[in-house]
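Single-structure report; data block below.
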Amino acid sequence: MSAPQSLFDKIWARHAVVTRPDGAVLLLVGRHLLHDGSGAAFRFLAERKLPLHDRRHTFGTPDHYVSTAGNDLASISEAFRRDLVAGMAENARKHGFTHFGLGDPRQGIIHVIGPEQGITLPGITMVCGDSHTSSHGALGALAFGIGASEVAHVLATQTLWQSRKPQSMRISVEGKLGAGVTPKDAILAIIARIGTAGGTGKVIEYAGPVFRDMSIEGRLSVCNMSIEAGARAGMVAPDETTFAYLKGRPYAPQGAMWDRAVAFWRTLPSDPGAAFDAEVTLDGSAIEPMATWGTSPEHATAVTGAVPDPAAAPTAERREALAAALHYMGLSPGMRIDEIPINRVFIGSCTNSRIEDLRAAAAVLKGRKAKVQAWAVPGSGLVKRQAEREGLDQVFKDAGFEWREPGCSMCAGVNGDLVDPGVHCASTSNRNFVGRQGPGARTHLMSPTMAAAAAVTGHITDVRRLMAGEA
Amino acid sequence: MEPFSTVDAKAMPLDMTNVDTDQLVPARYLWRPRQDGYAEILFHDLRSEPGFPLDAPAHKGAAIMVADRNFGCGSSREHAAWALVDSGFRVVIAPSFGDIFYSNSFKNGLLPIVLPEARCAELRAALARNPGAHLVVDLPAQTVTGPVGVNDGFSVDSFAVDPLRKELLIAGQDETGLTLSLADTIKGFVAGYAEAMPWV
Ligand code: SF4
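Those sequence lines, one after another, are chains A and W.
Just so you know, we're using the working numbering here: the first sequence kicks off at 1 and counts up by one.
Just so you know, we're using the working numbering here: the second sequence kicks off at 1001 and counts up by one.
Structure follows, in structure tokens:
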């Protein structure tokens, strides 16, 4: 009998081409995802006169640099960004990888369309030159972000060197999430608990009843933010929810091959007794709707809480860091979270721009009006169309939201979709770093429903109060 | 890539935890072509703040940075490593690093070194008291020595580094050459993989 293995162990073993005596491993890449920031890697190929090694397993779409005002090249205001997006299409033609370009209804944020197209599959390794590649672990893949040099290496060889096998961590959330509490709240609560370095270098498996009961969209939001806990990757074992989600998707196996794949996928979940290097357990019923007040994703607290007092921090260093965060955010210690004003709202990004996110936000917005400038940016053309079929676009527009074209948009603040200095933005994205959404921008991370609640009240608001019919 | 052996250079202390890749290179500069250089982009939004050490005359020519916890956290952007390398840095010492930044560094000839938190704090304090003091980083021997030339906080600390990364850094070589030499092994492996999981 071999030792019990975790989901991560099983995928790792299946993809380790070479394991050197010093522990370095050459890993086969199951599927490689590209976006419009991958140009540097193609230049490397050209310099070394190397072909794209495996175009069949390479997929790309422009997302970072596209305009969300119009789904075409002409709408991109600056020439250099147009060049990046056009350059990607050119590389796709030249090298023959699958490309969902501008104007293709399947175009969108790479981490939204991977699962949507069935490109993301259980039991494989996936990489992309973007840290939020961890999202794809929601379907039971081992997926992580890599740097530009590594992208070049994968293009040239379809493999990747890892200097050693990463450590593993299991985060179990027991019980049930309360009414009005979403997957985004769960991951923010996890990060608040373990900190942004809590998972450093590790591969997290999210386990326990809360994740078992969660939809794939929800698992994607959770795995997406693994990187904000410092982790390399996050994953959820594939189950019936996963198979139901994948069945019939364009790049998922079909027919007899589907049955074979599912039979194999059923063997993937961690064996009883599998070892993890670290274990954390949270009580799901204790999680409340969350929002961040500071400049790190770990600066998150329940909406019923207050901005912390730096004076209460245990070390001088922590005190200074907290004071700097509050200074940047323009907040004072002890202020109630639900008194923080909001002047701008962004519902979108690879964390929360899927159909379920839009449905949930629209349910809060129905019959209400946003008090501040607010945007809804669907994660892909297909999400957008689906939302429009369901009439959600009208709900957003009636509430005073702008209904935009798919792309990263205000999450990256790189395509002119910026937040002005000093402006408090309720954002469903994943990073509230200093300057992330624009110089001086003050980002408050929260779920789509919480962002909708902030939009209609003009301050951070416990969405459960709105759901109960108040305000 | 320039081969790496021993760096004897000025070391700059940076007293900030969780320095993220957006602080190292704000996202709005990511489009900048690599060949245009990233030196002036490093810490773009912070470097003009009073007391920020990067442009202090004493640190001119610094090739080593001593930083704090979780340096380089945030995104996968390799630009963060480029900006450091283009600014002349060859070593960053910190108690911990953002994961992808750590691995990107090696690929750009920048050596990230993990030393215990207390020792990093000691080094930063000694360097702050003695601006422009040197540290000596010996990659083959895996040691950090110093500060040298001042009688303040001196010690010799060993650090760990993965053998493969060390090998490539010292040779000034990238991984692609190594991998291409394994083409036959990879081919054989892929054949078995495709048989076991033909749907991929
Ligand atoms: S939505 Fe934001 S976090 Fe996600 S890939 Fe785009 S820029 Fe990165």
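Built from N, CA and C at the ideal position, the CB exists for glycine as well.
Contact set between residue i and chain A, taken where Cβ atoms lie within less than 8 Å
i, result
"alanine 1069 (chain W)", "Position check: residue 1069 (chain W) holds arginine in this sequence, whereas alanine was assumed. Within chain A, the residues near arginine 1069 (chain W) are Ala197."
"lysine 1107 (chain W)", "Gly147, Ser149, Glu150"
Interface residues of chain W facing residue i [CB-CB closer than 9 Å]
i, result
"alanine 24 (chain A)", "Asp1162, Pro1163, Leu1164, Arg1165"
"isoleucine 191 (chain A)", "By Cβ distance, chain W contributes nothing, its closest Cβ being about 12 Å from isoleucine 191 (chain A), past 9 Å."
"proline 253 (chain A)", "Pro1198, Trp1199, Val1200"
"threonine 200 (chain A)", "Asn1070, Cys1073, Ser1096, Phe1097, Gly1098, Asp1099"
"arginine 106 (chain A)", "Chain W residues near arginine 106 (chain A): none, gap ~20 Å exceeds 9 Å."
"alanine 276 (chain A)", "The displayed chain sequence assigns phenylalanine, not alanine, to residue 276 (chain A). What phenylalanine 276 (chain A) touches in chain W: nothing, since even the nearest Cβ is about 18 Å away."
"phenylalanine 264 (chain A)", "Ala1196, Met1197, Trp1199"
"phenylalanine 80 (chain A)", "Trp1031, Arg1032, Pro1033"
"isoleucine 124 (chain A)", "Met1197, Val1200"
Proximal residues of chain W, C-beta to C-beta of residue i below 8 Å
i, result
"threonine 159 (chain A)", "Thr1179, Ile1186"
"leucine 28 (chain A)", "Ile1186, Phe1189, Val1190, Tyr1193"
"methionine 257 (chain A)", "Pro1198, Trp1199"
"alanine 261 (chain A)", "Met1197, Trp1199"
Nearest-angstrom beta carbon gap, residue j and residue i [assumed within contact, 8 Å]
i, j, result
"threonine 120 (chain A)", "glycine 129 (chain A)", "That pair is no contact at about 16 Å."
"arginine 249 (chain A)", "glutamine 117 (chain A)", "6 Å"
"threonine 1176 (chain W)", "histidine 153 (chain A)", "5 Å"
"valine 1136 (chain W)", "valine 1148 (chain W)", "6 Å"
"glutamate 228 (chain A)", "phenylalanine 8 (chain A)", "No, glutamate 228 (chain A) and phenylalanine 8 (chain A) are not in contact; Cβ-Cβ is about 19 Å, not under 8 Å."
"serine 270 (chain A)", "valine 307 (chain A)", "Going by Cβ atoms, the distance from serine 270 (chain A) to valine 307 (chain A) rounds to 39 Å, so no, they are not a contact pair."
"glycine 137 (chain A)", "alanine 233 (chain A)", "5 Å"
"proline 122 (chain A)", "glutamate 174 (chain A)", "About 24 Å separates the two Cβ atoms, so there is no contact after all."
"isoleucine 187 (chain A)", "valine 222 (chain A)", "5 Å"
"leucine 26 (chain A)", "leucine 1182 (chain W)", "7 Å"
"isoleucine 460 (chain A)", "isoleucine 337 (chain A)", "6 Å"
"threonine 241 (chain A)", "isoleucine 216 (chain A)", "6 Å"
Close Cβ partners of residue i (< 6 Å) along its chain, the five nearest in sequence each way excluded
i, result
"glycine 407 (chain A)", "Asp63, Val66, Thr68"
"proline 1013 (chain W)", "Val1066, Arg1124, Leu1127, Ala1128"
"leucine 1164 (chain W)", "none"
"alanine 1081 (chain W)", "Asn1104, Ser1105, Asn1108, Leu1110"
"leucine 1042 (chain W)", "Ala1083, Ser1087"
"isoleucine 478 (chain A)", "No information on residue 478 (chain A) is available, as it lies outside the stretch 1 to 471 that chain A covers here."
"proline 1112 (chain W)", "Val1092, Phe1097, Tyr1102, Ser1105"
Other residues of its chain near residue i: CB distance less than 7 Å, five sequence neighbours each side excluded
i, result
"asparagine 91 (chain A)", "Phe42"
"threonine 304 (chain A)", "Glu288, Asp462"
"alanine 313 (chain A)", "Arg319, Leu322"
"glutamine 191 (chain A)", "One detail in the question is off: residue 191 (chain A) reads as isoleucine in this sequence, not glutamine. Cβ neighbours of isoleucine 191 (chain A) beyond the five flanking positions: Met225, Glu228, Ala229, Pro297, Glu298, Ala300."
"phenylalanine 433 (chain A)", "Thr295"
"alanine 40 (chain A)", "Ala148"
"arginine 1077 (chain W)", "Thr1021, Val1025, Leu1030"
Amino acids of chain A, ordered along the chain, whose beta-carbon sits closer than 7 Å to that of residue i
i, result
"serine 1076 (chain W)", "Gly129, Asp130, Ser131, Gly145, Ile146, Gly147"
"glutamate 1175 (chain W)", "His153, Trp161"
"arginine 1129 (chain W)", "Per Cβ cutoff of 7 Å: no residues; arginine 1129 (chain W) is ~18 Å from chain A at best."
"serine 1103 (chain W)", "Gly147"
Cross-strand partners of residue i (DSSP beta bridge)
i, result
"cysteine 128 (chain A)", "A:Leu33, A:Gly145"
"threonine 1145 (chain W)", "W:Val1136, W:Val1156"
"methionine 88 (chain A)", "DSSP output for methionine 88 (chain A) lists no bridge partner at all."
"glycine 108 (chain A)", "A:Ser380"
"proline 439 (chain A)", "Paired residues: none, contrary to the question."
"threonine 58 (chain A)", "A:His32"
Cross-chain neighbours of residue i in chain W, by beta carbon under 7 Å
i, result
"alanine 412 (chain A)", "Ala1027"
"serine 296 (chain A)", "Asn1018"
"arginine 249 (chain A)", "Result: empty, since nearest Cβ-Cβ is about 12 Å, beyond 7 Å."
"valine 18 (chain A)", "Leu1182, Thr1185"
"leucine 84 (chain A)", "Trp1031"
"proline 439 (chain A)", "Asp1045"
"alanine 244 (chain A)", "Simply none; closest approach about 17 Å."
"glycine 37 (chain A)", "Leu1030"
Same chain, Cβ closer than 8 Å to residue i, five either side skipped, listed in chain order
i, result
"glutamate 167 (chain A)", "Note on identity: in this sequence residue 167 (chain A) is glutamine, with glutamate being the wrong assignment. Correct list, in chain order: Gly201, Lys202, Val203, Asp277, Ala278."
"threonine 157 (chain A)", "His53"
"methionine 169 (chain A)", "Gly199, Lys202, Val203, Ile204, Glu205, Ala231, Phe276, Asp277, Ala278, Glu279, Val280"
"aspartate 283 (chain A)", "Val173, Glu174, Gly175"
"aspartate 1022 (chain W)", "Gly1074, Ser1075"
"glycine 70 (chain A)", "Glu405"
"leucine 1115 (chain W)", "Ile1093, Ala1094, Pro1095, Leu1123, Val1144, Asp1157, Phe1159"
Within chain A, partners of residue i - CB distance below 9 Å
i, result
"isoleucine 1041 (chain W)", "Here the premise fails: no neighbours, minimum Cβ distance about 13 Å."
"glutamine 1023 (chain W)", "Phe433, Val434, Gly435"
The ligand GDP heavy atom lying under 7 Å from the CB of residue i
i, result
"histidine 136 (chain A)", "Only the ligand SF4 can be found as ligands here, which leaves the ligand GDP out of the picture."
| message | Which complete alpha helix (DSSP H) runs does the region 312-389 of chain A hold, if anything under 4 residues is left out? | response | Taken in chain order, the unbroken stretches of alpha helix (DSSP H) that lie wholly in the region 312-389 of chain A and span 4 residues or more are 316-329, 355-365, 381-389.
| Mind pulling the beta strand (DSSP E) runs of 3 or more residues that sit fully within the region 221-289 of chain A? | The region 221-289 of chain A is shown to contain whole beta strand (DSSP E) runs of 3 or more residues at 233-235, 278-283, in chain order.
| task | Jot down the residue ranges of each uninterrupted alpha helix (DSSP H) in the region 138-183 of chain A, minimum 4 residues, whole runs only, in chain order. | result | Qualifying alpha helix (DSSP H) stretches, in chain order: 148-157.
| Complete runs of the beta strand (DSSP E) confined to the region 1006-1045 of chain W [at least 3 residues] | Correct list: 1006-1013.
| task | Can you check the region 1056-1098 of chain W for any beta strand (DSSP E) of at least 3 residues that lies completely inside it and give the ranges in chain order? | result | For the region 1056-1098 of chain W, whole beta strand (DSSP E) runs of length 3 or above, ordered along the chain, are 1064-1066, 1091-1094.
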